[in-house]
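Residues 5 to 393 (the numbering used here) make up the sequence shown, in order. Structure, as structure tokens:
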Amino acid sequence: MKDYLSIDELNKTYPVEAFSLPSRDKKATLNGQINWPNSDKNSPSIVLMCPGSGLHNRDYLVGESHTNSDFVFLTLAQELLESGLAVARYDCRGVSSHRRDARLNQPEFIVKKDLAFLEQFIDADIRGTVTPLSQYDDIFTIYDYLTQYTAAGDTTNILLLGHSEGGMNISRLIKHYRIRPQGVVLISPPLLSMPDIMQWQLYEREITWLKNIPHSNGIITFDDIKKGYGNSPHAFISTISKIIPYKGFWDYHDLENARAEGMKNFEDQRAAAMAQHDDDPWPAPAPFTQYAYAWWKQLFAPDATPELFNLKNTTFPVSIFLGTMDTQLDNQKQYAFFIEHRHDFPNIEISLLEGVGHTLGLHALMGPMADECMEKMMHAIHRIAVNDR
């Protein structure tokens with residue numbers, strides 16, 4: 005795994021320009037920065053990075069290696085800056101730092117770091133204004149700001165890069181504002197509808213992963229599970245005790261019963277969500293507020309359409325990366341859905357990468373990103389930034 009600069013080292017190495025912008029709804033200030041490459045090139049392409057769901061600042065801490073590589077946008081920024089591209093990053097509204105901030109190492113926070121993070125660095129009132137609309141509006145505000153660094157407001161040297169929900173927010177931005185960036189790179193974005201994604205996460209993935217464990221005659225024994233568990237995404241998000249078949253085996257009838265129970269649970273959660281007001285705090289009042297309830301309700305919307313369709317009628321290049329070990333998305337299904345509709349998206353290419361997870365690393369959910377995946381992504385970005393100009 006490559007060694008990367010720390011946050012301070014990166015900002016000392018590459019010139020920084022900070023920005024603070026009022027949000028379109030006037031409910032928040034959007035803070036971020038642009039790092040410029042150390043080159044004489046005029047008007048380099050600018051890559052605007054958009055994080056996935058959660059309480060993230062501009063460096064995007066989503067890894068568990070306890071190295072600088074865990075800050076996925078920090079590492080991507082270094083790669084891009086080294087290659088002569090500029091990078092823009094921002095803090096999600098209401099977020100002012102990350103969970104490894106040294107200030108959380110004070111003795112009074114040691115036994116309650118998670119709570120201290122919320123109390124010290126999260127503005128719950130502002131987080132309560134985060135909705136599906138505000139998320140892509142915030143990206144648009146920053147995107148529009150970046151046009152001042154382009155020739156006559158031309159946007160063909162601005163690339164958009166998003167991870168997970170950040171990729172979905174980019175696609176919604178493109179649909180609603182009809183912007184024309186130089187290109188788009190998406191890492192593990194939802195391509196299906198939000199309810200489809202939610203059903204996968206609530207119950208379908210457990211059933212699929214059990215079926216994928218090598219077994220015979222429609223019977224999955226405890227021995228099968230013990231042998232296959234370590235090679236399954238199961239191992240990254242739950243313990244083996246949760247899938248022990250106490251009668252000695254699972255059969256497909258058991259799995260269909262589990263699916264029926266999962267579908268009922270989904271409908272129960274849908275009813276509970278829809279009973280809430282859009283402006284209610286989710287999942288709870290301060291200091292635990294992360295979003296407005298409108299954000300949670302979108303996961304159950306009965307009239308939702310596939311997010312891939314947000315990119316219809318676009319002509320700029322779009323490069324999408326999916327991992328086969330992803331816990332959050334059924335990427336086999338997502339890839340098949342794209343293939344079925346690819347005639348509508350001649351400008352989109354999708355890479356389905358074997359053995360990597362949601363952040364394109366060895367972990368099925370978390371980072372850091374694998375070196376070979378980083379190389380593929382840099383190649384895609386430069387193909388857009390250099391060859392298409």
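Backbone N, C-alpha and C fix where the C-beta goes; we use that ideal spot for every residue, glycine too.
*Do you know how far the Cα of HIS281 is from the Cα of HIS167?*
By 1-based counting over the sequence shown, the position of residue 167 is 163. By 1-based counting over the sequence shown, the position of residue 281 is 277. Per the coordinates, the alpha-carbon of HIS167 lies some 28 Å from the alpha-carbon of HIS281.
*Go through its chain and collect everything with a Cβ distance to ARG393's Cβ below 8 Å, but skip five positions before and after it.*
Position 389 of the sequence shown, counted from the start, is the residue given in the question as residue 393. Because ARG393 sits at a pLDDT of 45, beneath the cut-off of 50, its placement in the model cannot be relied upon, and the point is left open.
*Where are the beta strand (DSSP E) runs, 3 residues long or more, that stay fully inside the region 40-79, in chain order?*
Listed in chain order, the complete beta strand (DSSP E) runs (minimum 3 residues) inside the region 40-79 are 50-54.
_Backbone CA spacing between TRP204 and SER197 [nearest angstrom]_ = Counted from its first residue, the sequence shown places residue 204 at position 200. Counted from its first residue, the sequence shown places residue 197 at position 193. Whole-angstrom Cα-Cα distance: 11 Å.
*Closest to LEU9 by CA distance: which of ASP63, TYR233 and THR309 is it?*
On the sequence shown, residue 9 is found 5 positions in, with the first residue counted as 1. Per the Cα distances, ASP63.
*In angstroms with no decimal places, state the Cα-to-Cα distance between TRP40 and LEU78.*
Your numbering for residue 40 matches position 36 in the sequence shown. Your numbering for residue 78 matches position 74 in the sequence shown. Between TRP40 and LEU78, the C-alpha separation is close to 14 Å.
*For ILE324 and SER115, the rounded distance between their alpha carbons*: As a working note, residue 115 is residue 111 in the sequence shown. As a working note, residue 324 is residue 320 in the sequence shown. A quick correction: the sequence has Val, not Ser, at residue 115. Distance between the alpha carbons of VAL115 and ILE324 is about 40 Å.
*Go through its chain and collect everything with a Cβ distance to GLU311's Cβ below 8 Å, but skip five positions before and after it.*
For the purposes of this step, residue 311 is identified with residue 307 of the sequence shown, where counting begins at 1. So the qualifying residues of the chain are MET172, SER175, ARG176, PRO193, PRO194, LEU195, LEU196, SER197 and MET198.
_For TYR295, three-class secondary structure by DSSP_ = By one-based count along the sequence shown, residue 295 stands at place 291. Correct three-state label for TYR295: strand.
*Looking only at its own chain, which residues have a Cβ that is under 6 Å from the Cβ of GLY327, when we skip the five neighbours before and after it?*
Here residue 327 is taken as the residue at index 323 of the sequence shown, counted from 1. Here the set comprises LEU357, VAL360, GLY361 and LEU364.
*Taking one C-beta from the region 133-142 and one from the region 287-300 each time, how about it: are there three or more such pairs within less than 8 Å?*
yes
*Spell out the partners DSSP gives GLN139 in its beta bridges.*
To locate residue 139, count along the sequence shown from 1; it is residue 135. In DSSP, GLN139 forms no bridge with anything.
*Where do the ends of the alpha helix (DSSP H) carrying ASP283 lie?*
Locating residue 283 in the sequence shown gives position 279, where the first residue counts as 1. First-last for ASP283: undefined, no H or E at that position.
*Backbone CA spacing between TRP254 and TYR94 [nearest angstrom]*: Position 250 of the sequence shown holds residue 254. Position 90 of the sequence shown holds residue 94. Between TRP254 and TYR94, the C-alpha separation is close to 47 Å.
*Could you spell out the range, first to last residue, of the alpha helix (DSSP H) harbouring TYR181?*
Residue 181 sits at position 177 when you count from the first residue of the sequence shown. First-last of the alpha helix (DSSP H) with TYR181: 169-181.
*From what residue to what residue does the alpha helix (DSSP H) around THR17 run?*
Counting from 1 along the sequence shown, the entry for residue 17 is found at position 13. 11-17 is the span of the alpha helix (DSSP H), which, as asked, contains THR17.
*Please state whether DSSP places VAL134 in a helix, a strand or coil.*
Translated into positions along the sequence shown, residue 134 becomes position 130. Coil.
_What would DSSP say about VAL360, mapped onto helix, strand or coil?_
Counting from 1 along the sequence shown, the entry for residue 360 is found at position 356. It is coil, neither helix nor strand.
*Could you tell me which residues DSSP pairs with GLU265 in its beta bridges?*
For the purposes of this step, residue 265 is identified with residue 261 of the sequence shown, where counting begins at 1. None; GLU265 has no bridge partner.
*Taking C-alpha atoms, which residue in SER236, PHE144 and GLY371 lies nearest to LEU25?*
The residue you call residue 25 lines up with position 21 of the sequence shown. When only C-alpha atoms are compared, the closest one is PHE144.
*asked:* Is it buried or exposed, TYR256, if we count other Cβ atoms within 10 angstroms and call 16 or more buried?
replied: Taking the sequence shown and counting its residues from 1, one reaches residue 256 at position 252. Its Cβ having fewer than 16 others within 10 Å, TYR256 is exposed.
*asked:* I'd like the ranges of any beta strand (DSSP E) spanning at least 3 consecutive residues and lying wholly in the region 211-235.
replied: 223-225
*Give every residue of the same chain whose Cβ lies closer than 7 Å to the Cβ of PHE88, excluding the five residues on either side of it in the sequence, and list them in chain order.*
The residue given as residue 88 occupies position 84 in the sequence shown. Note on identity: in this sequence residue 88 is Gly, with Phe being the wrong assignment. Result list for GLY88: PRO41, SER43, LYS45 and PRO48, in chain order.
_Three-state class that DSSP yields for ARG393 in the structure shown_ = Within the sequence shown, residue 393 is the residue found at index 389, counting from 1. Here the model assigns ARG393 a pLDDT of 45, short of 50, so the residue's position is not dependable and the matter cannot be decided.
_Does ALA384 pass the burial test, meaning 16 or more other C-beta atoms within 10 Å, or should it be called exposed?_
The sequence position of residue 384 within the sequence shown is 380, counting from 1. By the 10 Å Cβ count, ALA384 comes out buried.
_On the criterion of 16 or more Cβ atoms from any shown chain inside 10 Å, does LEU122 qualify as buried, or is it exposed?_
Here residue 122 refers to the residue found at position 118 when the sequence shown is read from its first residue. Burial call: buried.
*Is it buried or exposed for HIS60, if we count other Cβ within 10 angstroms and need 16 for buried?*
Reading the sequence shown from its first residue, position 56 is the one you call residue 60. HIS60 is buried by the Cβ-count criterion.
_Rounded straight-line distance, which links the Cα of THR212 to that of PHE270_ = Locating residue 270 in the sequence shown gives position 266, where the first residue counts as 1. Locating residue 212 in the sequence shown gives position 208, where the first residue counts as 1. Computed Cα separation, rounded: 17 Å.
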